[in-house]
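One structure is given here, and the rest of the page talks about it.
Residue numbers (my numbering): 263 to 760.
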């Protein structure tokens, strides 16, 4: 880092600087505006519009991840279905629902139909082994307070009635089963982020699109942020009391530039995605569910196959995938050097460790990368036997960076599935790494950030936090009455009732 960058004149002073105009920064900004309305905020986004990367609706599945149908949250271990992870994810999604409902009550968010819609969540099993697993999973979850009104069937007539697209053309000897709930949702996180940011701008947050953060350096207890206008080339330096890096895949390299020791050893492995998107309106209208199946051996959680109803800009859609691919880019609109620039002496062994251990993932990615359209359609036909090539188009989904977490011992590292929060010991900077459940649990992730980075203020903020999230500090999984009260409130406020 050059002295000129260190000594550049400060052009702006703020309390809070947010990097990235996706759902994470939008959520944290909304929380801090309510908790500390007197704090100044500024947001930088390298693109010319908000929510164009991971939060963009066609760059993710739009699932309200609550473990209602996602089988990777309920692994079978020694013949027993483990549900702890599913309960944890569901608890976090209930936090999201509460925070969104509260923001609607305060008129921060507008029409919920722009970003959240009721869509049944369905788990799908095919073949003796998967059907047996699915039944055991259902039995482990049915009756649990956080999984109300779950149903199961391995009756072929019921399957045909509920999922006609998946039944049409399927052999009578093909053993199938489904479990489902009507409590699921489809979410347009891009539209949600845009509503948050529109309110932020109205309430004084300065938003600079087309501005890329190029460096982060300590300045006593504050941070200097080097920013470049991508259109004019003009550079500036802003000083902030607190920095949040919600920049998707670029969070890793920016946190590395900050020099905080907490990022040492962390790495990132980029995984790109593609969808098959239906172009036939008649086909789209015949399906109304998010149907999740079993992942291939070695596949990361973000690559679990699913046949999904989407609601985007008021239009119903249908997609299948994702098909994983690989590029060294950390963002869909990143550069071919992103991965290589992120490799440092401090995390080299983390990359080596994952490379030696994750043979299943490597094999899976190679298999996916060499798939042609014929092979992709064959994968779709496992779900929809009569799918026709002419009814589907291939679209590029978002870029994800699978976080690599350093560990002590001979393994050196492990893949950190899920969403990881990294923060400095003094709480002056933080960032988010990882992928699914990601956007679905943004409010819970940001509450954890507040606890870690502003712990000394949490008592002062206590009443306001409880207004934002009435269940804060309480496990809904063990308080059925409170869950039912909150569920009723959020169903009504988010207009999800029948």
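Glycine included, each C-beta is placed from N, C-alpha and C at the ideal position.
Check	Outcome
Here's a check: name, in chain order, each residue in its chain whose Cβ is nearer than 6 angstroms to the Cβ of residue 328, leaving out the five neighbours to either side.	352, 355
Check residue 602 in the structure and name its three-state DSSP category.	helix
Quick check: the Cα distance between residue 467 and residue 504, rounded to an integer number of angstroms?	15 angstroms
Please report the distance separating the alpha-carbon of residue 737 from that of residue 429.	39 angstroms
Is the Cβ-Cβ distance between residue 511 and residue 596 less than 8 angstroms?	yes
Buried or exposed for residue 599, going by 16 or more other Cβ atoms inside 10 Å?	exposed
Who does residue 490 pair with in a DSSP beta bridge?	474, 497
Going straight from the alpha carbon of residue 203 to that of residue 274, what length do you get?	Nothing about residue 203 can be read from this structure; the chain reaches only from 263 to 760.
Taking just the CA atoms, how far does residue 650 sit from residue 431?	12 angstroms
Do residue 509 and residue 282 count as a contact pair if the criterion is CB distance below 8 angstroms?	yes
Pair every Cβ in the segment 520-535 with every Cβ in the segment 646-666, then say whether three or more of these pairs are closer than 8 angstroms.	yes
Within 10 Å of its beta-carbon, does residue 385 have 16 or more other beta-carbons around it, so buried, or fewer, so exposed?	buried
How about the segment 653-664 and the segment 318-338: do they share at least three Cβ pairs that are nearer than 8 angstroms?	yes
Quick check on residue 582: buried or exposed, where buried means 16 or more other Cβ atoms within 10 Å of its Cβ?	buried
Give a yes or no on whether the C-beta atoms belonging to residue 382 and residue 443 are separated by under 8 angstroms.	yes
Residue 684 to residue 609, Cα distance in whole Å?	15 angstroms
Going straight from the alpha carbon of residue 488 to that of residue 407, what length do you get?	48 angstroms
Could you compute how far the alpha carbon of residue 697 sits from the alpha carbon of residue 331?	18 angstroms
The alpha helix (DSSP H) spanning residue 393 covers which residue range?	390-403
Only counting the same chain, and skipping five residues up and downstream in sequence, which positions put a Cβ closer than 7 angstroms to that of residue 744?	733, 736, 738
Pick helix, strand or coil for residue 522, following the three-state DSSP scheme.	coil
Pull up the DSSP beta-bridge partners for residue 696, would you.	681
For the segment 397-415 and the segment 371-380, state whether three or more C-beta atom pairs, one from each stretch, are separated by less than 8 angstroms.	no
Can you have a look at residue 494 and say buried or exposed, based on whether 16 or more other CB atoms are within 10 angstroms of its CB?	exposed
Would you say residue 407 touches the ligand PLP, meaning its beta carbon is less than 7 angstroms from a heavy atom?	The ligand PLP is absent from the structure shown, which contains no ligands of any kind.
Would you say residue 708 reaches chain B, if we count a Cβ-Cβ gap shorter than 8 angstroms as a contact?	Here there is only one protein chain, and chain B is not present.
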